[in-house]
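Below is one structure; the comments refer to it alone.
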Amino acid sequence: MKPLAGLKVLDLTRFFAGPFCTMLLGDHGADVVKVESPGGGDQTRRQGPPFKAENGMTFFAGNRNKRSLVLDAKTEEGRDLLFQLASRADVVVENFRPPVLKRLGIDYERVSAANPGVIYASLSALGPDGPQGDRGGFDITVQAEFGFMSISGEKNGKSIKQGTSVFDLVTGLYAYSGIVTALLQRKETGRGQRVETSLMESQVSFLVDAAMEYLIAGKVREKWGSEHSQIVPYKVFSTRDGEVVIGAGYQTVYEPFVRAIGREDLITDPRFATLAVRVENRDEMYRILDEEIAKYTNAEIIALLDKATVPNAPVNNVAQVFSHPQLLHRKMLLSLDHPQYGSVPTIGPAVKYSGFDVAEGWRAPPLLNEGAESVIEDWLGNSEPRKAAHAVRS
1 MKPLAGLKVL DLTRFFAGPF CTMLLGDHGA DVVKVESPGG GDQTRRQGPP FKAENGMTFF
61 AGNRNKRSLV LDAKTEEGRD LLFQLASRAD VVVENFRPPV LKRLGIDYER VSAANPGVIY
121 ASLSALGPDG PQGDRGGFDI TVQAEFGFMS ISGEKNGKSI KQGTSVFDLV TGLYAYSGIV
181 TALLQRKETG RGQRVETSLM ESQVSFLVDA AMEYLIAGKV REKWGSEHSQ IVPYKVFSTR
241 DGEVVIGAGY QTVYEPFVRA IGREDLITDP RFATLAVRVE NRDEMYRILD EEIAKYTNAE
301 IIALLDKATV PNAPVNNVAQ VFSHPQLLHR KMLLSLDHPQ YGSVPTIGPA VKYSGFDVAE
361 GWRAPPLLNE GAESVIEDWL GNSEPRKAAH AVRS
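If you use UniProt numbering, the sequence shown corresponds to residues 1 to 394, in order.
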């Protein structure tokens, strides 16, 4: 049995951060009910192209192991049903603005009064309170406003965002961690609580050493492209037929690196003899190394550096990634049965456990409203709200 089996999770989220969080809960055995609006459901179903039978790729990426329930929260009957479901949930996850929650009648105060054990997780752009707590935002706007874009991109170049919505995913991961932590505390206290995180807080927590450079040393980090401000050599190099990353800044790998490429003189050259002076003389260091690495093909330099146990890697595209033998061995590419499409691919679990198979029983992302009747049956049983729910849906 999976560790979260038997937990009822009401997923009121859209877009990516919240759905990613609730998908992780579902991966670990929770019964996740994704509430969607009439007229097409979650916006990511329509985000594209490309599409798979009218569903966008982001929807497939963040919604496995859920049941879908379409519910019109603009009606009194729909709001009543929503509240009844929240009153029976172990976990509620939402990413609405506070005024919307009150209008829908599912704010934390009301839900927790009816359901004192509920873990109520709120995800937002900047946090639910404070001078700008009512502002919305997306991954890209938070990356811009809170520093990450200012340190991303080529030196003296235009600021860029990360290649995926990384802080949506980080926020979802933090929310998942917070929910599991609150569930553990509930075992001790018997009480639920509210769990809050935001794109802003998640992103700022990932500034890490860039933050410390400023907070301790007063230095504002600039863009370094693939380089590192404190480690040299450490970047992407061009070869005759591609690109390769080499991380050889520390002395224990720097010396084997320059020996491997036939430049042992760079060990004793006073401009490059230590990490500190290499950082000071990075431009000259890279002028020399760029010329040396460009003599090799990717395969040649990788073989040479592997033999010398110098950290390196080719710059692979996504197609190359999903044929990588190590990825396949670690079961990071799976296929899930789908009632309409036959099967759909999914990324495998990033964490494996010796006590259970986390991917066992995984289900493909649901069709819109798939499982609605079973949700009402399982969550509301023979209660009056169940009869009312059938009336609402008939």
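The C-beta atom is built at its ideal place from N, Cα and C for all residues, glycine as well.
Keep in mind the model is a prediction, meaning the values are calculated, not measured.
DSSP three-state label for residue i, please.
i, result
"A313", "strand"
"V9", "strand"
"K387", "Legend: pLDDT at K387 = 49, less than 50; position of this residue unreliable, no value from coordinates given."
"N298", "helix"
"L333", "strand"
"Y234", "strand"
"T268", "helix"
"R79", "helix"
"L4", "coil"
"F146", "coil"
"G56", "strand"
"L368", "coil"
"R64", "coil"
"L69", "strand"
"Q326", "helix"
"V195", "strand"
Cα-Cα, which of the options is closest to residue i?
i, options, result
"Q251", "E36, L275, G342", "L275"
"D209", "Q43, K219, E370", "K219"
"E255", "V318, T58, A114, F272", "F272"
"V258", "P311, L333, N156", "P311"
"V166", "P131, N316, L336, Q203", "Q203"
"T197", "Y176, E360, T189", "Y176"
"G22", "I231, K52, G48, D90", "Sequence inspection shows Thr at residue 22; the Gly mentioned does not correspond to that position. Looking at the Cα atoms, D90 is the closest of the given residues."
"P365", "E284, D241, G153, R64", "R64"
"G130", "H329, D378, K2, M200", "M200"
"I140", "S335, P128, L169, Y120", "L169"
"A299", "I288, T309, P314", "P314"
"residue 423", "R194, P233, L173", "Lying outside 1 to 394, the shown extent of the chain, residue 423 is not represented and no answer is given."
"residue 396", "D27, A121, G48, D72", "Nothing in the structure corresponds to residue 396, since the chain is present only between 1 and 394."
"K295", "R278, A308, E243", "E243"
"P270", "I261, W379, E280", "E280"
"S112", "R191, T75, G78, V70", "R191"
"W224", "V236, E291, Y214", "V236"
"V93", "V70, D241, Q193, R186", "Q193"
"P233", "G348, A217, F16, D283", "D283"
"L25", "Q185, W362, G247", "W362"
"D290", "N316, V318, I261, N317", "I261"
"L333", "Q340, Y341, E154, P345", "P345"
"M285", "I301, L266, T297", "L266"
"I293", "G249, R240, Q320, R221", "R240"
"K2", "G39, S354, E373", "S354"
"L126", "E36, F96, G157", "F96"
"I347", "K331, G136, V375, K74", "K331"
"G62", "V245, P50, S343, D42", "D42"
"E222", "D72, Q320, K155", "K155"
"L304", "A73, I246, F51, L101", "I246"
"V118", "G136, V195, L101, E54", "V195"
"S343", "E264, N115, K52", "K52"
With residue i as the anchor, note down where its alpha helix (DSSP H) starts and where it stops.
i, result
"I261", "Element bounds for I261: n/a, residue is neither H nor E."
"K187", "166–189"
"F20", "17–27"
"V244", "From DSSP, V244 is part of no alpha helix (DSSP H) but of the beta strand (DSSP E) over 243–247."
"G291", "The residue you asked about is not Gly; residue 291 is Glu in the sequence shown. First-last of the alpha helix (DSSP H) with E291: 282–293."
"R211", "Per the sequence shown, residue 211 should be read as Ala rather than Arg. Start and end: 208–217."
"Q320", "318–321"
For the beta strand (DSSP E) containing residue i, list its first residue and its last residue.
i, result
"S205", "Careful: S205 lies outside any beta strand (DSSP E), inside the alpha helix (DSSP H) at 199–205."
"G225", "No beta strand (DSSP E) contains G225, which DSSP labels as neither H nor E."
"I347", "342–347"
"V35", "31–36"
Taking 8 Å as the threshold, find out whether the segment 140–150 comes into contact with the segment 161–176 through three or more Cβ pairs.
Judged by pairs of C-beta atoms under 8 Å, the segment 140–150 touches the segment 161–176, as three or more such pairs exist.
Pairs of beta-carbons, one from the segment 6–13 and one from the segment 26–36, closer than 8 Å: are there three or more?
yes
Identify every run of the beta strand (DSSP E) within the segment 84–124, keeping only runs that are complete inside it and at least 3 residues long; order them along the chain.
91–94, 119–124
Given 8 Å, three or more beta-carbon pairs between the segment 179–189 and the segment 106–113:
no
For the segment 80–90 and the segment 53–64, state whether three or more C-beta atom pairs, one from each stretch, are separated by less than 8 Å.
no
Please confirm if the segment 61–80 is in contact with the segment 366–373, defined as three or more CB-CB distances below 8 Å between the two stretches.
Of all C-beta pairs linking the segment 61–80 to the segment 366–373, three or more are shorter than 8 Å, placing the two stretches in contact.
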